[in-house]
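Residue 210 in the UniProt record's numbering is what sits at position 210 of the sequence shown, and the numbering runs on without skipping anything.
Think of the CB as a built atom: it goes at the ideal place given N, C-alpha and C, for glycine as much as any other residue.
It should be emphasised that the depicted structure is a prediction, and the values quoted were computed from it without experimental measurement.
The structure appears right after this line, and notes come after that.
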Amino acid sequence: MNSLLSLFRLGLLLTLLFLLQPGLLPLQAQVARTPEQAQLQPAAGERPLSQPAAVEQGSGGPSLSLDSPLWNLFWVVVLPALGYVLIRLLTAALRLREERHKGKGLADGPLLSLLQLLVWLGVLLVLATILLPAGASRLVLWGVVALVLGLAAQDMIRNTLAGISLLLAPPFSLGDKIWLGEHYGEVIGVGLRHTRLRTQDEGELALPNSLFFTHSLRNATGGESSCLVVTELYLPPGIDSGRVRQLALEAAHVSRYIYQNKPVAVHFSHVLHHTKSWLKMELKAYVLDIQYEPAFRTELTEILMRELTQAGLLQEDVR
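Right, dumping it as structure tokens:
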């Protein structure tokens with residue numbers, strides 16, 4: 001949201017630079033006229049040739065009209081300053097409400113960012129109403145506003161387009177277990193802007209839909225109720241891997257959560273973990289239903305650790 005406000009300030013600056021060029025459009029209109037048109041129809045601010053000049057009233061010094069560049073400069077300085085003061089007052093009011101009602105994140109959350117956005121947009125529109133003449137100049141203002149809004153809302157537009165794509169051609173279904181980059185969980189909701197996952201610690205994670213365009217997606221269930229569960233153990237390098245494989249397969253088949261129609265596999269690899277050499281064991285088996293995934297992994301670990309200990313294969317530094 002800070003970048004959004006920066007873009008609005010940039011648009012405000014561009015608009016103000018345009019405003020500080022008084023008489024631009026009348027000058028262009030005057031140059032475009034032919035001499036004959038100039039005699040018949042004088043430009044804005046000119047006197048007809050047949051009309052005598054009015055006698056200046058007063059002492060002859062320069063008069064300060066409401067359309068002068070000095071007034072433009074005054075509004076350019078005062079209105080942004082008032083907007084800044086208003087934002088500070090809103091921030092203080094939200095902090096006071098947060099302290100009284102024990103709210104959370106009111107002064108630093110999306111509400112304050114939305115209020116800041118509305119204040120700066122209001123300042124921009126008020127400046128345009130006061131300083132810009134009606135006609136083509138206001139088209140420049142709305143062009144700047146549209147550009148700034150488009151740049152500021154590009155993330156929202158990207159997420160919305162991705163959400164529409166997911167709804168029309170979903171690569172997963174509700175209840176599937178998916179990996180999206182480094183995030184893993186059960187899909188519990190798909191919206192236009194976010195997809196919600198339930199993580200293994202029973203928390204909810206809202207992922208922007210644009211991540212599905214930039215990260216690889218892996219569906220662990222593929223629309224089925226069962227899914228693959230990988231249980232890892234770090235064992236000493238000199239352990240009897242054949243005996244460990246046998247105990248791991250037995251532990252998987254005696255579990256009450258295993259899906260017997262899918263194969264069970266055990267894989268070993270040598271890894272460095274915490275600057276030590278280990279034999280990494282991966283026990284891959286399918287759980288009967290995805291809701292039992294945590295219980296299945298816990299039961300496999302408990303059974304395997306107990307069997308390895310009874311067989312005398314575990315050492316003190318096993319992980």
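For residue i, three-class secondary structure by DSSP
i    : result
W78  : It should be pointed out that residue 78 corresponds to Val in this sequence rather than to Trp. Helix at V78.
T34  : Unreliable positioning characterises T34 in this predicted model, as indicated by a pLDDT of 49, which lies under 50. The coordinate reading is nonetheless provided below. If DSSP states are grouped into helix, strand and coil, T34 belongs with coil.
N219 : strand
G58  : Reliability fails at G58, whose pLDDT of 46 lies under 50, so the model's placement of it is uncertain and the value that follows must be treated cautiously. Coil.
A311 : coil
F268 : strand
Y257 : coil
L174 : coil
G150 : helix
L192 : coil
R306 : helix
Range covered by the alpha helix (DSSP H) that runs through residue i
i    : result
N159 : 154 to 168
L249 : 241 to 253
T214 : 211 to 214
Residues bridged to residue i [DSSP beta-bridge criterion]
i           : result
K262        : K262 is not bridged to any residue.
residue 323 : The first residue shown for the chain is 1 and the last is 319, placing residue 323 beyond what the model contains.
T231        : L283
G197        : The identity of residue 197 in the sequence shown is Leu, whereas the question assumes Gly. Per DSSP, V187, L205.
Limits of the beta strand (DSSP E) - the one that residue i falls within
i    : result
L279 : 276 to 287
L205 : 204 to 208
Anticipated Cβ contact below 8 angstroms, residue i with residue j, distance rounded
i    : j    : result
V271 : K284 : About 17 angstroms; that fails the 8 angstroms criterion.
K280 : F268 : 7 angstroms
G185 : L197 : 3 angstroms
L313 : V244 : 7 angstroms
G163 : R193 : 6 angstroms
L308 : L247 : 6 angstroms
L217 : I178 : 6 angstroms
L166 : F212 : 6 angstroms
V229 : V287 : 5 angstroms
H273 : Y234 : 6 angstroms
T221 : I303 : Incorrect: roughly 24 angstroms between the Cβ atoms, too far for contact.
8 angstroms Cβ cutoff, residue i in contact with chain D
i    : result
E293 : The structure shown has no chain D; it contains just one protein chain.
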